[in-house]
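A quick write-up on the structure given underneath.
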C-alpha cells in the first residue's frame, strides 16, 4: 500500500476544523499532521447497494488505498463517500477521543459563571445610571450607554452558550436548526458591535475636541451610526448564517471550514475589521493628543479646566481600546491562523498545549464584556459617585428596616411589660375591674 497525501485525506475525511469543537473533544478523527500524515493507512469503505454502487455492482467492496487511488476515486465515488461519511454509514479506521472533565474544563465552567454574574450585574448598573437621567444622555454618554447594553447582551449569551457547549463536550444541541443559525451568530455579532461602538466613541471625541465648533454629531446621527454598525455586524456573520448546521453526531457547527465561500469571506472580514479599528484608533488618538498638549490653546482658566477634562476622557478612550485589543485580538488571531493552516497546508496539530491556549484566550475574550464596567468606575467620577450613592442607599434602607423592626419589637415588649405592671399593682383599676366582674 502507498502513502496517503493530504488532499486524499481531506477528501475522505469531511470534518469540522473549528478550534472550539475540536478542543471540546468532538472530533472522531485524530489529526495526522506531518510526519505522521505520510503513513500507511487502510480505509475499509463499505459501499451500500443503491447509494454508492450501480445495480450491477456487488453489495460491498473493499478498496485498498494504493498508488492507483486517483483511478479508483472518480468524482461519483468521492461524492458518495462524502455522503456516506456524513450519514455515518461508512466504517473507517478511526480513533475516538474520549473526553473526561479535567482541570481546564473546571476552570472554564467557573470562569463562565463568574463572567455571567459580574457582567450582568455591572452592565445592568451602568445602563440604569445612564438611563435614569435622560437629559444628560447625549454624545459620549449615549454611546457608553449603548456599549453597556451590548456588553449586557454579551454577558448573558456568550457565557451561557459556551457553558452549554463545555458541559455537553459539544456533542449535543437542543435548540434546533434555527437556533443553530441564530444563537452563535448573535454571540459573534456582539463583538463586532463592540468594535463599532468603541470606534464611534473615538470618532465622536475626536470631532468634539479637535473641532469644537465646526462639527458635532447629534443624537440622531449617533443612532443612525449604531443601526449601520448592527447591520454591518450581521453582514459580517453571513457566512456563519449560511454554513452553520446541526451535525448528526455533534453540535451546531460549520461542517468544513475549508469551503471557499466560507473561508475567504470570513478571513477577509476579520482582517479588514481589525485593520480599520487599529488604524482609526491610532489616527484619532494622535489628533486628540496634538490638540490637548498644545500650550497655546490653554490661555484662560476655563480652557485649562476643559483641557484637564478632555485629558481624562482621552485616557479612558486609550484604556478602553487597548483593553479591547488585548482581550479580543489574541483569540481571533489564533482562530485565523488555525483556519489558514488547514486551508493551505496540513493544519496546526491538536495538542494539550493548543487546547489550553485556546481556553485561556476564550476567557480573555469574554472578559471584554465586564472590563468596561471597571473602566467606567475608575475614570468617570460621576458614575463612581452615583454607584457609591446607590450602594449606600441600599445599605441605608436595609439598616432602616432593621431599626424599624427593632423598634416595633421593643414597643411590643414595653407594652406587654406595662400591662403586666398594671395588672400586678394592688390598687390598680385592672384588679378592681376584674374583682367587680367576678363578684357580679
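Numbering (UniProt numbering), first residue to last: 1 to 440.
Ideal Cβ placement from N, Cα and C applies to all residues, glycine included.
Everything numeric in this text was worked out from a predicted model, so none of it was measured.
Boundaries (first-last residue) of the beta strand (DSSP E) holding residue i
i           : result
residue 121 : Careful: residue 121 lies outside any beta strand (DSSP E), inside the alpha helix (DSSP H) at 103-131.
residue 244 : 244-246
residue 253 : 252-254
C-beta atoms of residue i and residue j nearer than 7 angstroms
i           : j           : result
residue 234 : residue 193 : no
residue 367 : residue 327 : yes
residue 276 : residue 319 : no
residue 389 : residue 361 : no
residue 148 : residue 126 : yes
residue 112 : residue 159 : yes
residue 292 : residue 310 : yes
residue 473 : residue 359 : Outside the modelled stretch of the chain, which goes from 1 to 440, sits residue 473, for which no answer is possible.
residue 369 : residue 151 : yes
residue 250 : residue 171 : yes
residue 183 : residue 167 : no
residue 377 : residue 323 : no
Separation of residue j from residue i, as counted between CA atoms
i           : j           : result
residue 156 : residue 187 : 9 angstroms
residue 115 : residue 266 : 27 angstroms
residue 357 : residue 260 : 27 angstroms
residue 348 : residue 354 : 9 angstroms
residue 385 : residue 130 : 13 angstroms
residue 185 : residue 262 : 14 angstroms
residue 66  : residue 346 : Any reading at residue 66 must be qualified, since the residue scores a pLDDT of 46, below 50, and its modelled position is unreliable; the value itself is stated next. Their backbone Cα atoms lie some 20 angstroms apart in a straight line.
residue 273 : residue 317 : 19 angstroms
residue 143 : residue 236 : 22 angstroms
residue 208 : residue 334 : 37 angstroms
residue 52  : residue 242 : At residue 52 the pLDDT is 41, less than 50, meaning the model places this residue with poor confidence and gives no usable figure here.
residue 222 : residue 139 : 8 angstroms
residue 225 : residue 219 : 10 angstroms
residue 301 : residue 365 : 43 angstroms
residue 101 : residue 393 : 44 angstroms
residue 295 : residue 304 : 10 angstroms
residue 391 : residue 210 : 37 angstroms
residue 337 : residue 132 : 45 angstroms
residue 105 : residue 351 : 15 angstroms
residue 396 : residue 314 : 36 angstroms
residue 285 : residue 169 : 43 angstroms
residue 227 : residue 387 : 30 angstroms
residue 289 : residue 146 : 26 angstroms
residue 55  : residue 103 : The pLDDT assigned to residue 55 is 40, lower than 50, so where the model puts this residue is not dependable; a value taken from the coordinates is nonetheless given after this. Going from the Cα of residue 55 to the Cα of residue 103 covers about 54 angstroms.
residue 110 : residue 363 : 10 angstroms
residue 23  : residue 124 : No answer about residue 23 holds up, because its pLDDT of 41 lies below 50 and its placement is not dependable.
residue 191 : residue 137 : 23 angstroms
Within-7 angstroms CB hit, residue i to chain B
i           : result
residue 176 : Considering every chain present, this structure includes no chain B. It has just one protein chain.
Segment limits, alpha helix (DSSP H) that includes residue i
i           : result
residue 166 : 140-167
residue 312 : 301-344
residue 274 : 260-292
residue 221 : 219-236
residue 177 : 176-210
Among the options, the one whose alpha carbon lies nearest that of residue i
i           : options            : result
residue 253 : 224, 218, 165      : 165
residue 258 : 189, 226, 240, 251 : 240
residue 344 : 172, 167, 264, 162 : 264
residue 232 : 251, 222, 189, 255 : 189
residue 128 : 395, 373, 170, 397 : 373
residue 217 : 256, 141, 337, 250 : 141
residue 238 : 323, 270, 172      : 270
residue 312 : 205, 352, 132      : 205
residue 339 : 145, 268, 203      : 268
residue 255 : 352, 397, 180      : 180
residue 203 : 103, 321, 387      : 321
**Report entry** Stretch-stretch touch, CB-based, cutoff 8 angstroms, three pairs: the segment 176-183 with the segment 240-250
**Finding:** Because the criterion of three Cβ pairs below 8 angstroms is met, the segment 176-183 and the segment 240-250 touch.
**Report entry** Contact between the segment 197-205 and the segment 276-286 (3+ Cβ pairs under 8 angstroms)
**Finding:** Yes: the two stretches touch, three or more of their Cβ pairs being nearer than 8 angstroms.
Query raised in the report: Between the segment 115-128 and the segment 322-342, do three or more beta carbon pairs fall short of 8 angstroms?
Result: Output reads no: the segment 322-342 does not touch the segment 115-128.
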